[in-house]
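Residues 69 to 318, numbered by this note's numbering, are exactly what the sequence shown covers, in order. We put the beta carbon where it would ideally sit given N, CA and C, even for glycine. These numbers were taken from a predicted model, which means no experiment stands behind them.
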Amino acid sequence: MAATILITGAAQRVGLYCALALQRAGFQVVATYRRDKPGVAELRAAGVDCQFLDISDDQQLPQDIAKLADYLKHTYGNLRAVIHNASAWQGEEPVAGGLSEQLQSDAAVFDAMMRIHAKTPYLLTRALQPLLHADADRPADVIAISDFAVNTGSCNHMAYAASKAALENLVLSLARLLAPHAKVNAIAPALVMFNDGDDEAYKQHTLQKSLMGIEPGPSEVLAAVDYLLQSRYVTGRVIAVDGGRHLKLP
């Protein structure tokens, strides 16, 4: 049986690209999704096992993750890797009304970002810990997709940046907990690929933020994933995929 890799949030963009590539590489990929987008049909056509996982209901989340873990245990047994890719880019927005209304909105954003980027990976890794065994010679992998914004913060996406920082700290704790049977690392991209609605002015402004000045595409993230899967030693680290953005000084 092919080694199994779970990827969360794989219905679009980087997650979709990586899921299809890993399936083609000979892994059995299990992909979670929360909305039935066109990418889900594409994944199924490629042989990917697509499983719905609603991460919007905070109260139901532990039960839903437990059901997914039970399915994976009885269907596949062990897991070669878990890739925590599910994400949402939600910023703080001004709302009509007074301070109370604004704070209620901000609290909802904060809770959503923490649930998606920190709580879900935390609970999912805890649930899947007994399944994370590759083979006698190679540890399993947990890979979290973080963000360059952890290093700088963000004025307009404060909760998002904070939640990704929480994810990176979780990587440290899980690396200590799961060694030597599994390695735990993060990949922190800056710009990978533009959205369809991005205009030319925005694109040029964003490209100028890195030394390399290009839109690298999702293959760069896949290359980092491949590196971590091949390594037997790297754990508790963040792999930066940012085009030297940290060196682009004023």
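Item to check | Under 8 Å between C-beta atoms of Val116 and Ala93 | outcome: Taking the first residue of the sequence shown as position 1, residue 116 is located at position 48. Taking the first residue of the sequence shown as position 1, residue 93 is located at position 25. No, these two residues do not count as a Cβ contact at 8 Å.
Checklist entry - What is the rounded straight-line gap between the Cα of Val163 and the Cα of Ser214? => result Stepping through the sequence shown from its first residue, residue 163 is reached at position 95. Stepping through the sequence shown from its first residue, residue 214 is reached at position 146. Looking at the two C-alpha atoms, the distance is approximately 28 Å.
Next on the checklist: Using 8 Å as the threshold, is the C-beta distance between Ala256 and Ala308 below it?
Outcome noted: As a working note, residue 256 is residue 188 in the sequence shown. As a working note, residue 308 is residue 240 in the sequence shown. It is a contact, given that the beta carbons lie within the stated cut-off.
Checklist entry - By a C-beta neighbour count over all protein chains shown, 10 Å radius and 16 as the cutoff for buried, is Lys187 buried or exposed? => result Position 119 of the sequence shown, counted from the start, is the residue given in the question as residue 187. Burial call: buried.
Checklist entry - Which one of Thr100, Tyr301, Lys232 and Asp122 has the shortest CA to CA distance from Arg206? => result Numbered from its first residue, the sequence shown carries residue 206 at position 138. Of the candidates Thr100, Tyr301, Lys232 and Asp122, the one whose C-alpha sits nearest the C-alpha of Arg206 is Tyr301.
Checklist entry - So, using beta-carbon positions, are Val108 and Thr72 closer together than 8 Å? => result Translated into the one-based positions of the sequence shown, residue 108 becomes position 40. Translated into the one-based positions of the sequence shown, residue 72 becomes position 4. No.
Checklist entry - Do you know offhand how far Asp125's Cα is from Val289's? => result In the sequence shown, counting from the first residue as 1, residue 125 sits at position 57. In the sequence shown, counting from the first residue as 1, residue 289 sits at position 221. Cα to Cα, Asp125 sits roughly 29 Å from Val289.
Checklist entry - What first and last residue would you give for the alpha helix (DSSP H) that runs through Cys118? => result Numbered from its first residue, the sequence shown carries residue 118 at position 50. Looking at the DSSP string, Cys118 is not in any alpha helix (DSSP H); the run it does join, the beta strand (DSSP E), is Asp117 to Phe120.
Item to check | Range covered by the alpha helix (DSSP H) that runs through Leu74 | outcome: If you number the sequence shown from 1, residue 74 lands on position 6. Annotation: Leu74 is outside any alpha helix (DSSP H); the continuous beta strand (DSSP E) that includes it extends over Thr72 to Ile75.
Checklist entry - So what does DSSP say about Thr143, is it helix, strand or coil? => result In the sequence shown, residue 143 corresponds to position 75, counting from 1. Reduced to three states, the DSSP call for Thr143 is helix.
Next on the checklist: Taking the straight line between their C-alpha atoms, what separation do you get for Val210 and Asp267?
Outcome noted: As a first step, residue 210 is located in the sequence shown; it is residue number 142 there, counting from the start. As a first step, residue 267 is located in the sequence shown; it is residue number 199 there, counting from the start. Spanning the two alpha carbons is a distance of roughly 35 Å.
Checklist entry - Under a three-way DSSP split, which group does Ala208 fall into? => result Locating residue 208 in the sequence shown gives position 140, counting from the first residue. Strand at Ala208.
Checklist entry - With Val252 and Leu259 assumed to form a contact (beta carbons below 8 Å), what rounded beta-carbon distance in angstroms separates them? => result Sequence index remark: in the sequence shown, residue 252 carries index 184 (1-based). Sequence index remark: in the sequence shown, residue 259 carries index 191 (1-based). Contact between Val252 and Leu259 does not hold, since their C-beta atoms are separated by about 25 Å, which reaches or exceeds 8 Å.
Next on the checklist: Short of 7 Å in beta carbon distance, which residues of its chain neighbour Gly312, apart from the five on each side in sequence? Order them along the chain.
Outcome noted: Here residue 312 is taken as the residue at index 244 of the sequence shown, counted from 1. These residues qualify, in order along the chain: Ser278, Leu279 and Met280.
Item to check | Span separating the alpha-carbon of Arg305 from that of Asn146 | outcome: For the purposes of this step, residue 305 is identified with residue 237 of the sequence shown, where counting begins at 1. For the purposes of this step, residue 146 is identified with residue 78 of the sequence shown, where counting begins at 1. Roughly 24 Å between the two C-alpha positions.
Item to check | Member of Tyr228, Asn224, His152 and Ala217 whose CA lies at the smallest distance from the CA of Asp179 | outcome: Translated into the one-based positions of the sequence shown, residue 179 becomes position 111. Cα-wise, what sits closest to Asp179 is Tyr228.
Checklist entry - By how many angstroms is the C-alpha of Glu160 removed from the C-alpha of Ser402? => result This structure does not reach residue 402, given that the chain is present from 69 up to 318, and the question cannot be answered.
Checklist entry - Can you list, in chain order, the stretches of the beta strand (DSSP E) that have 3 or more residues and sit fully within the segment 242-310? => result Segments of the beta strand (DSSP E) lying fully in the segment 242-310: 250-257 and 306-309.
Checklist entry - Going by Cα to Cα distance, which pick from Glu283, Ala247, Glu236 and Asp174 is closest to Asn224? => result Counting from one through the sequence shown, the residue named residue 224 turns up at place 156. Considering only alpha carbons, the answer is Asp174.
Item to check | N- and C-terminal bounds of the beta strand (DSSP E) containing Gln96 | outcome: Along the sequence shown, one-based indexing puts residue 96 at 28. Start and end: Gln96 to Tyr101.
Item to check | Environment of Gln172 [buried if 16+ CB atoms lie within 10 Å] | outcome: Counted from its first residue, the sequence shown places residue 172 at position 104. By the 10 Å Cβ count, Gln172 comes out exposed.
Checklist entry - Relative to the alpha-carbon of Gln197, which residue among Leu246, Gly165 and His185 has its alpha-carbon at the smallest distance? => result In the sequence shown, counting from the first residue as 1, residue 197 sits at position 129. Per the Cα distances, Leu246.
Item to check | Within 8 Å, strictly: CB atoms of Ile151 and Val293 | outcome: One-based indexing of the sequence shown puts residue 151 at position 83. One-based indexing of the sequence shown puts residue 293 at position 225. Against a cut-off of 8 Å, the Cβ pair of Val293 and Ile151 comes out as a contact.
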